[in-house]
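Heads up: the structure comes next, in structure tokens.
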Amino acid sequence: MRALITGITGQDGSYLAELLLGKGYEVHGLIRRASTFNTGRIDHLYQDPHAEGAKLFLHYGDLSDGARLVTLLHQINPDEVYNLGAQSHVRVSFDEPEHTGDTTGIGAMRLLEAVRLAGVDCKYYQASSSEMFGATPPPQNEETPFYPRSPYGAAKAYAYWVTRNYREGYGMYATNGILFNHESPRRGETFVTRKITRAVARIKAGLDQHVYLGNLDAIRDWGYAPEYVEGMWRMLQADEPDDFVLATGGNFTVRDFVATAFEHAGMDWEKYVRFDERYLRPTEVDALVGDASKAYEKLGWKAEVQTDELARIMVDADIEALEHEGRPWYDKVGLPNWPVVGAPGITGV
Ligand code: NAP
Ligand code: G4F
1 MRALITGITG
11 QDGSYLAELL
21 LGKGYEVHGL
31 IRRASTFNTG
41 RIDHLYQDPH
51 AEGAKLFLHY
61 GDLSDGARLV
71 TLLHQINPDE
81 VYNLGAQSHV
91 RVSFDEPEHT
101 GDTTGIGAMR
111 LLEAVRLAGV
121 DCKYYQASSS
131 EMFGATPPPQ
141 NEETPFYPRS
151 PYGAAKAYAY
161 WVTRNYREGY
171 GMYATNGILF
181 NHESPRRGET
191 FVTRKITRAV
201 ARIKAGLDQH
211 VYLGNLDAIR
221 DWGYAPEYVE
231 GMWRMLQADE
241 PDDFVLATGG
251 NFTVRDFVAT
261 AFEHAGMDWE
271 KYVRFDERYL
281 RPTEVDALVG
291 DASKAYEKLG
301 WKAEVQTDEL
311 ARIMVDADIE
321 ALEHEGRPWY
331 DKVGLPNWPV
341 VGAPGITGV
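For the sequence shown, the UniProt record's numbering begins at 1 and goes up steadily by one.
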């Protein structure tokens with residue numbers, strides 16, 4: 001089996017690449033050309049493409065470049081396409097609405113059209129989002145009406161509908177995974193969970209005194225990302241394309257997440273958390289709580305890690321990552337932990 005993943009350098013793309021490589025897939029990833037390395041989350045998966053049996057291949061490209069997508073689809077001829085690439089930050093989408101619409105929304109249409117034009121017979125997964133439900137109150141499932149509250153949510157709603165349209169209009173195998181928030185130690189540092197757990201580690205280590213946050217009252221249904229990429233894969237193994245919600249069904253406020261994370265590190269959060277209005281949004285999504293019973297019935301998928309456990313996993317990982325940052329260079333590169341500082345034979349270290 002051969003898969004193409006857009007967004008392979010992101011949180012979900014990195015876990016999905018691991019999952020598919022573990023299943024014996026040949027994995028192709030779309031990466032953006034940048035002036036600095038942007039492959040930190042998948043460096044551990046790197047294989048020399050010249051080596052016999054290499055299974056991971058990276059290609060430069062961008063969801064804003066439709067011609068490049070057609071060329072790549074033609075060259076790679078994948079069995080499965082996972083469209084995870086997006087400007088995925090809701091707050092940023094208010095600052096960059098046009099760019100968000102272009103990549104997160106129209107980017108999906110460009111990729112679907114590339115599949116069609118290249119004549120590739122493949123299954124297509126669209127990373128749809130609970131953010132599309134926006135102002136519609138919970139619990140939310142596949143039948144819940146959309147009421148997006150951000151340029152990001154509106155762009156995802158466009159991508160959702162264009163995916164359904166290619167399914168109905170051209171008979172394509174095109175599926176929407178409507179995923180509620182999912183996090184991990186690989187979560188981007190500016191999403192609220194990771195911002196909190198990273199701050200806990202830094203405050204505990206004496207590197208920071210406070211963390212500044214916005215709305216603590218928002219309710220989210222936070223699950224564990226590695227379980228969600230398993231759900232994506234299961235969706236594409238179904239006989240028919242369909243739309244599925246993935247969620248834990250739990251409801252935590254941002255304040256609850258803060259309290260759980262600080263408490264796990266033995267600290268009282270109220271001493272360290274401060275308010276900054278710059279983190280508020282012009283329109284907020286007050287509550288997202290998912291009902292994933294369809295995914296359980298049809299795919300046998302169920303979230304195991306609940307939000308409180310997730311918070312502890314992330315705090316432990318950030319504390320450990322910080323300890324590694326403080327370790328001597330020879331430890332970081334995996335050489336023996338010499339009893340004296342400095343490695344033999346190397347001067348000036
Ligand atoms: P993420 O960590 O922000 O990763 C986004 C990925 O998209 C990165 O690899 C990024 O590349 C790539 N990308 C950004 N702009 C692109 C462009 N113009 N062309 C090609 N690639 C581009 O996001 P994530 O948390 O893994 O989420 C994966 C997908 O699921 C996203 O579509 C997101 O909107 C959606 N989603 C996420 C959640 C969640 O809770 N995590 C929930 C529902 C839906 P760089 O590394 O170069 O920036
Ligand atoms: O972590 P967040 O930025 O995630 P948000 O907006 O829920 O979006 C995430 O989940 C979506 C699925 O529902 C994805 F589609 C999307 O790509 C992304 O992964 O914010 C969560 C909540 C919000 O209510 C926000 O207002 O936390 C609140 N918040 C409070 N203080 C903050 C902060 N959010 C951020 N990023 N930074 C803060 O300082």
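Cβ atoms here follow ideal geometry from the backbone N, Cα and C, with glycine treated the same way.
Inset, instruction - Find the nearest neighbour of V285 within the set V81, F252, P137 and I178, judged by alpha-carbon distance. - result: Along the sequence shown, one-based indexing puts residue 285 at 285. If we check each option's Cα against that of V285, P137 comes out closest.
Inset, instruction - Run the proximity test for L72: is its beta-carbon closer than 6 Å to any non-hydrogen atom belonging to ligand 2? - result: Locating residue 72 in the sequence shown gives position 72, counting from the first residue. Not under cutoff, so the answer is no.
Legend entry - Three or more C-beta pairs below 8 Å linking the stretch 143 to 152 and the stretch 92 to 105: yes
Legend entry - Of the listed residues R33, A3 and G188, nearest to K55 (C-alpha basis): For this step, residue 55 is matched to residue 55 along the sequence shown. Comparing Cα positions, the closest option is A3.
Inset, instruction - For S150, decide whether its Cβ has a neighbour in chain C, counting only Cβ atoms nearer than 7 Å. - result: The structure shown contains no chain C, having only a single protein chain.
Inset, instruction - Give me the Cα-Cα distance between E325 and Y170, rounded to the nearest whole angstrom. - result: Along the sequence shown, read from residue 1 onward, the residue named residue 325 stands at position 325. Along the sequence shown, read from residue 1 onward, the residue named residue 170 stands at position 170. Cα to Cα, E325 sits roughly 51 Å from Y170.
Inset, instruction - Could you tell me whether any non-hydrogen atom of ligand 1 is closer than 6 Å to the CB of residue 417? - result: Shown here, the chain extends from 1 to 349; a query on residue 417 therefore has no answer.
Inset, instruction - Provide the residue span of the beta strand (DSSP E) that contains E80, from first to last. - result: On the sequence shown, residue 80 is found 80 positions in, with the first residue counted as 1. That run of the beta strand (DSSP E) goes E80 to N83.
Inset, instruction - Quick one: using the 10 Å Cβ neighbour count with 16 as the cut-off for buried, is L207 buried or exposed? - result: Here residue 207 refers to the residue found at position 207 when the sequence shown is read from its first residue. Result: exposed.
Legend entry - Contact shell at 5 Å, judged by CB to any heavy atom of ligand 2, ordered along the chain: S88, V90, S129, S130, E131, N181, F191, V192, L213, G214, N215, A218, V254 and Y279
Legend entry - Distance CB(D221)-CB(A259) smaller than 7 Å: Within the sequence shown, residue 221 is the residue found at index 221, counting from 1. Within the sequence shown, residue 259 is the residue found at index 259, counting from 1. Cβ atoms of D221 and A259: not closer than 7 Å.
Inset, instruction - Could you check if A295 is buried or exposed, using at least 16 other CB atoms within 10 Å of its CB as the buried criterion? - result: Here the question's residue 295 lines up with position 295 in the sequence shown. Burial call: buried.
Legend entry - Test item: CB-CB of Y212 and R274 under 7 Å: As a first step, residue 212 is located in the sequence shown; it is residue number 212 there, counting from the start. As a first step, residue 274 is located in the sequence shown; it is residue number 274 there, counting from the start. Going by C-beta atoms, Y212 is nearer than 7 Å to R274.
Inset, instruction - Counting only the same chain and skipping the five closest in sequence on each side, list residues whose C-beta sits under 7 Å from that of P145. - result: Residue numbering aside, residue 145 sits at position 145 when the sequence shown is read from its first letter. So the list reads T136, once near-sequence residues are dropped.
Inset, instruction - State the Cα-Cα distance for the pair V120 and L288, rounded to the nearest angstrom. - result: Here residue 120 refers to the residue found at position 120 of the sequence shown. Here residue 288 refers to the residue found at position 288 of the sequence shown. Those two C-alpha atoms are separated by around 36 Å.
Inset, instruction - Give the range of the beta strand (DSSP E) segment to which D208 is assigned. - result: Here the question's residue 208 lines up with position 208 in the sequence shown. Taken as a continuous stretch (DSSP letters only), D208 belongs to no beta strand (DSSP E), as it is neither H nor E.
Inset, instruction - Check whether the Cβ atoms of F57 and H28 sit closer than 7 Å, and answer yes or no. - result: Counted from its first residue, the sequence shown places residue 57 at position 57. Counted from its first residue, the sequence shown places residue 28 at position 28. Contact flag set, yes.
Inset, instruction - Might you give, ordered along the chain, the residues of its own chain that have their beta carbon closer than 8 Å to the beta carbon of Y279, omitting 5 neighbours on each side? - result: For this step, residue 279 is matched to residue 279 along the sequence shown. Around Y279: R91, Y212, L213, G214 and N215.
Legend entry - D103, DSSP secondary structure in three states: In the sequence shown, residue 103 corresponds to position 103, counting from 1. As written in the sequence, residue 103 is Thr, which differs from the Asp given in the question. Looking at T103 - three-state DSSP - the assignment turns out to be helix.
Legend entry - L16: CB within 6 Å of a non-hydrogen atom of ligand 1: For the purposes of this step, residue 16 is taken as the residue at position 16 of the sequence shown. No.
Inset, instruction - Report back the beta-carbon spacing between A265 and A311 to the nearest angstrom; my notes put them in contact at under 8 Å. - result: For the purposes of this step, residue 265 is taken as residue 265 along the sequence shown, with counting starting at 1. For the purposes of this step, residue 311 is taken as residue 311 along the sequence shown, with counting starting at 1. Not a contact, Cβ separation roughly 10 Å.
Legend entry - Distance cut-off 6 Å: N38 Cβ against heavy atoms of ligand 1: Along the sequence shown, one-based indexing puts residue 38 at 38. Yes; taking the cut-off as 6 Å, the Cβ of N38 has a heavy atom of ligand 1 nearer than that.
Inset, instruction - Please state whether DSSP places F146 in a helix, a strand or coil. - result: For the purposes of this step, residue 146 is taken as the residue at position 146 of the sequence shown. Coil.
Inset, instruction - Just mark R33 as buried or exposed, buried being the case when its beta carbon has 16 or more other beta carbons within 10 Å. - result: Here residue 33 refers to the residue found at position 33 when the sequence shown is read from its first residue. Exposed is the call here.
Legend entry - 3 or more residues per run - each beta strand (DSSP E) lying fully within the stretch 48 to 135: 56 to 60, 80 to 83 and 123 to 129
Legend entry - Q126 beta carbon less than 7 Å from that of N83: Position 83 of the sequence shown holds residue 83. Position 126 of the sequence shown holds residue 126. Yes, these two residues count as a Cβ contact at 7 Å.
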